[in-house]
Amino acid sequence: MRIFLTFWVFFTLAFADSAFARTVYVIANPSIQVSKLTQDELEKIYLLRQPYWPDGRAIVPVNREASSDLREFFSNLVLKQSMRSLSNYWDQMHFRGKSPPVVQGSNESVIAFVRKIPGAIGYVEELANLDGVKVMAELP
Amino acid sequence: MTAWLSRSIIKKLLVAFLAIFLATYVATALVVFTSVRTSIADAQANALDTIANQRIGNIFTAIDSLATNLRAWAKLDVMNDIPAGDIDKRIASSLDALKLDYRLDGEIYVFDSDDILIASSSVLPDVPQTVRPPQWQTRDRGVTFVDKSRNPFEASPGVALTLPIYASFDAGFRLGTLVATIPWSAVSGRLVGEGFHAILFDRSMRRVTDSHGIDSALAGEVDELASETRRLSIDGTPHVAGYSTLTSELVRGWQVIVLRDLGDVDASVNQVALQLVGLGLALAVPIVVFVVWLSRRITSPVRELKAAVGEITSSGDLSGRVAVSSSDELGTLATAFNEMAGSLQVVSADREKALRELEALNLNLEKRVKDRTHDLASANQKLATLSEQLSRYLSPQIYESIFEGRQAVEISTKRKQLTVFFSDVKDFTATTEDLQPEELNFILNDYLTRMTATALKYGATIDKYVGDAMLVFFGDPSTRGVQEDAIACVKMAVAMQREMVDLRAKWVDMGYPRPLHMRIGINTGFCNVGNFGSDLRMDYTIIGAEVNLAARLESICEPDGVVISGHTYQLVKNEIDAVPQDPIQVKGISKPVTPYRVHGIFDDMDRGRDVIRSDSDEMRLFVDLRNLSEDRRRQLAAELEAKANLLRQQK
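Heads up: the protein sequence lines correspond to chains A and B, in order.
Note that the first sequence covers residues 1 to 140 in the working numbering.
Note that the second sequence covers residues 1001 to 1651 in the working numbering.
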């Protein structure tokens, strides 16, 4: 019983530590006119409820792969939904003819994608090289 | 051959049946063979067409399925990694997996929107900024087929399919290009098959893209291939060709042509021909056996008949009979033959009997014929003698013309101009009265024989002898012409008088001191000549006034002379020397008649130097040298000289 409690405390502390330690940078293609985004605006963008930038161009959100803990962290933080409920949501959206955001497998590829695609927006963790993109928000 | 055939009915039947069988079988076999060959050729062509369609279908299916796959692969999420340059190598690993899963022969390449190579399924040398080869063109949004060309990333050439990749987040955003290749060996491998050669022909380019298994370049046959010729020669070997008809939306102009060596096709046709020949032979054997059996069966009664006839012919025994074994035509023939032999037997016996009788009759007849012939010969002999004796009572001309059938013995006369001769012996009765009858007989016969001979010599017709008188004429039954007849007659008369000189000398020698002297009268004119009298007794003679005149002239003639009428003189004056006498009155003729006394024949006198004669139309000279004194001769010569001078002086 004691051993069990010890493990539980350890795990809880470990997770709590990481959750509170990481910073997520929301980045976008530099051609985008908007310079700041709130969490609500991000939520609308990532749930495809806001498809266009104010200048009329399409918004191309980029997600990490489903297995990524950064994606889970971002989903919990911004979309305030668990992965399972999001999965249901995207199934419903799929039937309406909408595909979930583009997936990239690493921070580098997200940055490269956002740098290349006009209207693209993504999120990365504490990165050194953010050349060619602009940071729209730092979360949390 | 014909001689061989004519010897036996079996052979004839055998040849006839075999000929019928051969003709029928060959005709049937030819029809069958032709249709089989045609259908084999059609089937071959259809089979080759089917094979060609299968082959091109395989190729089209492979390419089409790759195109379908390509469209699906272009929609994969990982393609969104193209803008990021596949940093995570997710595209590359996906392509590897696809190649493995789909067991692709070729490779898959992904280029970004700047045509820089992003990822591929093949392990490529690490060359940065590798650019998409120009032949891998894309078009629109669909799959583009790139025909056989060199692939810069691979050693061997091949075909390729290209497809532009559009972003899933923005259908108008082109991420890059997806290219899938098929190595040519994979295309070519689908052409391979047993028993034929398949070639890939590009109709639009008019070239052979792949000639699998054929060494020839086939450049010379392009026109024939393009016009889908069924039979063509490749490297001197005849081939039959099948053409694919399938088309593909993606691959334009490709056609598979399947070629098969005609020798292989012909092998099956030859097989059929061989089978037909074999069947023909197999059928021929039982037919020959059957025909021989049938012929023997048909001809055995005929042979029996022949043997029976041969037996009868060689032995002559008509009692032989043929066994009647059937009631068909041959049986009927055998029965008829037996009946014939029976009746022949009867007839033969009758004939033998008749022959014997005939032989006896013949012998009799021969004897009778012999007797008759003998009788006939003796009668003939008698008749000949009789006729020869009879002929002496007739003039030879009359005799001949009657016996040769030229003159019918009937009462008929004709009027003809004749020269009539009449002679008599002067004072015959007084002269011969002191002769014994035998002596008279001799002298008369001697006289008449010589005169008759002379008359016949000159061609006269002797009419009759009346005692010492003779009536002779010229001009019937044959004539040499009136003038010639007259001349012959006068010459005969002169000759007779000369004969008389000889006869008289002879008679004087024999002791008859008072010789005979003959008088002759001759006249020429129209007389009736022919048979006079009745049917029972007739005489060939002449009658008329001219005959009477001849007799009258004879009566006034001097002994040993010849007197001719004026008419006769006119006909003979050129040949005969005659002088006119005092005219006389003749009973039945109103005018006095001038008779001419004949002196002689000029030719005879000239030859004998008795006269000097010159006879022409202008001058007539006649000098009688006989009894001419020398003085008188000179006197006449002087006279002629004077006349000649007178003639010379005339102009």
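Positions of the beta carbon are idealized from the N, C-alpha and C atoms, including for glycine.
In this text the structure is predicted, and so the values were computed from the model without any measurement.
Might you give, ordered along the chain, the residues of its own chain that have their beta carbon closer than 6 Å to the beta carbon of residue i, omitting 5 neighbours on each side?
{"i": "B:A1186", "result": "D1105"}
{"i": "B:F1017", "result": "V1291"}
{"i": "B:T1432", "result": "L1440"}
{"i": "B:I1009", "result": "T1299"}
{"i": "B:Q1417", "result": "V1482 and F1526"}
{"i": "B:Q1255", "result": "F1201, R1203 and S1244"}
Leaving out five residues before and five after residue i in sequence, what residues of the same chain have Cβ atoms less than 7 Å from its Cβ?
{"i": "B:R1007", "result": "none"}
{"i": "B:A1029", "result": "L1276 and G1280"}
{"i": "B:V1346", "result": "none"}
{"i": "B:D1045", "result": "Checking the displayed sequence, the identity of residue 1045 of chain B turns out to be Ala instead of Asp. Here the set comprises R1230, V1240 and G1242."}
{"i": "A:W90", "result": "P100"}
{"i": "B:R1206", "result": "V1222 and A1226"}
Show which residues of chain B have a CB atom less than 8 Å away from the CB atom of residue i.
{"i": "A:V103", "result": "D1077 and N1080"}
{"i": "A:A58", "result": "F1169 and D1170"}
{"i": "A:S99", "result": "S1168 and F1169"}
Quick check: what's the CA-CA separation for residue i versus residue j?
{"i": "B:T1061", "j": "B:L1259", "result": "22 Å"}
{"i": "B:E1400", "j": "B:R1537", "result": "19 Å"}
{"i": "B:A1003", "j": "B:K1012", "result": "11 Å"}
{"i": "B:D1560", "j": "B:V1598", "result": "11 Å"}
{"i": "B:A1578", "j": "B:D1535", "result": "44 Å"}
{"i": "A:S106", "j": "A:R64", "result": "7 Å"}
{"i": "B:A1341", "j": "B:A1349", "result": "12 Å"}
{"i": "B:F1337", "j": "B:S1314", "result": "17 Å"}
{"i": "B:K1587", "j": "B:Q1581", "result": "18 Å"}
{"i": "B:R1141", "j": "B:F1033", "result": "58 Å"}
{"i": "B:R1392", "j": "B:I1584", "result": "38 Å"}
{"i": "A:L70", "j": "A:L77", "result": "10 Å"}
{"i": "A:E125", "j": "A:K134", "result": "14 Å"}
{"i": "B:S1122", "j": "B:R1090", "result": "14 Å"}
{"i": "B:T1237", "j": "B:L1124", "result": "46 Å"}
{"i": "B:E1618", "j": "B:T1419", "result": "29 Å"}
{"i": "A:T38", "j": "A:P140", "result": "11 Å"}
{"i": "B:G1057", "j": "B:Y1102", "result": "19 Å"}
{"i": "B:T1524", "j": "B:N1574", "result": "16 Å"}
{"i": "A:K98", "j": "A:S87", "result": "13 Å"}
{"i": "B:L1076", "j": "B:A1084", "result": "15 Å"}
Residue i touches chain B at which residues, Cβ-Cβ below 7 Å?
{"i": "A:S106", "result": "I1087 and D1088"}
Here's a check: name, in chain order, each residue in its chain whose Cβ is nearer than 8 Å to the Cβ of residue i, leaving out the five neighbours to either side.
{"i": "B:I1398", "result": "Q1407, T1461, P1477 and Y1540"}
{"i": "B:T1385", "result": "none"}
{"i": "B:V1143", "result": "A1067, L1070, R1071, L1161, T1162, L1163 and L1250"}
{"i": "B:I995", "result": "The structure shown does not extend to residue 995 of chain B, since chain B is modelled only from 1001 through 1651, so no value can be given for it."}
{"i": "B:R1037", "result": "V1269 and V1272"}
{"i": "A:F113", "result": "V62, V102, Q104, A120 and G122"}
{"i": "B:Q1137", "result": "T1144, V1146 and T1162"}
{"i": "B:E1224", "result": "L1232"}
{"i": "B:V1015", "result": "L1005"}
{"i": "B:A1551", "result": "F1422 and G1521"}
Along chain A, in chain order, which residues have C-beta atoms closer than 8 Å to that of residue i?
{"i": "B:A1052", "result": "None at all; the shortest Cβ gap to chain A is about 45 Å."}
{"i": "B:P1133", "result": "The contacting residues do not exist; B:P1133 stays about 24 Å from chain A at best."}
{"i": "B:P1083", "result": "A112, F113, K116 and I117"}
Report the neighbours of residue i on chain A: residues whose CB is nearer than 9 Å to its CB, in chain order.
{"i": "B:A1198", "result": "What B:A1198 touches in chain A: nothing, since even the nearest Cβ is about 46 Å away."}
Legend entry - Residues of the stretch 109-132 of chain A whose Cβ lies closer than 7 Å to any Cβ of chain B, in chain order: Per Cβ criterion, the list reads S109, A112, F113, K116 and I117.
Inset, instruction - Residues of the stretch 1060-1081 of chain B with a CB closer than 8 Å to any CB of chain A: list them in chain order, please. - result: Contact annotation: in the stretch 1060-1081 of chain B, residues whose CB is within less than 8 Å of a CB in chain A are D1077, N1080 and D1081.
Inset, instruction - Please go through the stretch 1456-1520 of chain B and give each complete alpha helix (DSSP H) segment of 4 or more residues, from N-terminal end onward. - result: Runs of the alpha helix (DSSP H) inside the stretch 1456-1520 of chain B: 1482-1510.
Inset, instruction - Quick one: which residues of the stretch 1141-1174 of chain B get their C-beta closer than 7 Å to a C-beta of chain A? List them in chain order. - result: Flagged, chain order: S1168, F1169 and D1170.
Inset, instruction - Note down, one range per segment and in chain order, each alpha helix (DSSP H) of at least 4 residues found wholly within the stretch 1084-1109 of chain B. - result: Entirely contained in the stretch 1084-1109 of chain B, the alpha helix (DSSP H) runs reaching 4 residues are, in chain order, 1090-1102.
Inset, instruction - Residues of the stretch 65-76 of chain A with a CB closer than 7 Å to any CB of chain B: list them in chain order, please. - result: Answer in chain order: no residues at all.
Legend entry - Inside the stretch 30-75 of chain A only - beta strand (DSSP E) runs reaching at least 3 residues: If we require 3 residues or more, the beta strand (DSSP E) runs fully inside the stretch 30-75 of chain A come out as 60-64.
Inset, instruction - Kindly provide the ranges of any beta strand (DSSP E) runs that are 3 or more residues long and lie completely inside the stretch 1029-1070 of chain B, ordered along the chain. - result: Counting whole runs of 3 or more residues, the stretch 1029-1070 of chain B contains no beta strand (DSSP E) stretch at all.
Legend entry - Runs of beta strand (DSSP E) lying entirely within the stretch 1197-1244 of chain B, each at least 3 residues, in chain order: If we require 3 residues or more, the beta strand (DSSP E) runs fully inside the stretch 1197-1244 of chain B come out as 1197-1202, 1207-1211, 1231-1234 and 1237-1243.
Legend entry - Every unbroken alpha helix (DSSP H) within the stretch 65-134 of chain A, with a cutoff of 4 residues, ordered by chain: 69-74, 83-95 and 107-116, all fully within the stretch 65-134 of chain A.
Inset, instruction - Give the residues from the stretch 1227-1242 of chain B that approach chain A closer than 8 Å (Cβ to any Cβ), ordered along the chain. - result: The residues in question: there are none.
Inset, instruction - Scan the stretch 1091-1103 of chain B for residues whose Cβ lies nearer than 7 Å to a Cβ of chain A and list them as they occur along the chain. - result: Here the close residues number zero.
Legend entry - Ranges of the beta strand (DSSP E) found wholly within the stretch 1246-1272 of chain B, counting only runs of at least 3: You should have 1254-1261.
Legend entry - Minimum length 4: unbroken alpha helix (DSSP H) runs contained in the stretch 1332-1413 of chain B: Within the stretch 1332-1413 of chain B, the complete alpha helix (DSSP H) runs of at least 4 residues are 1396-1403.
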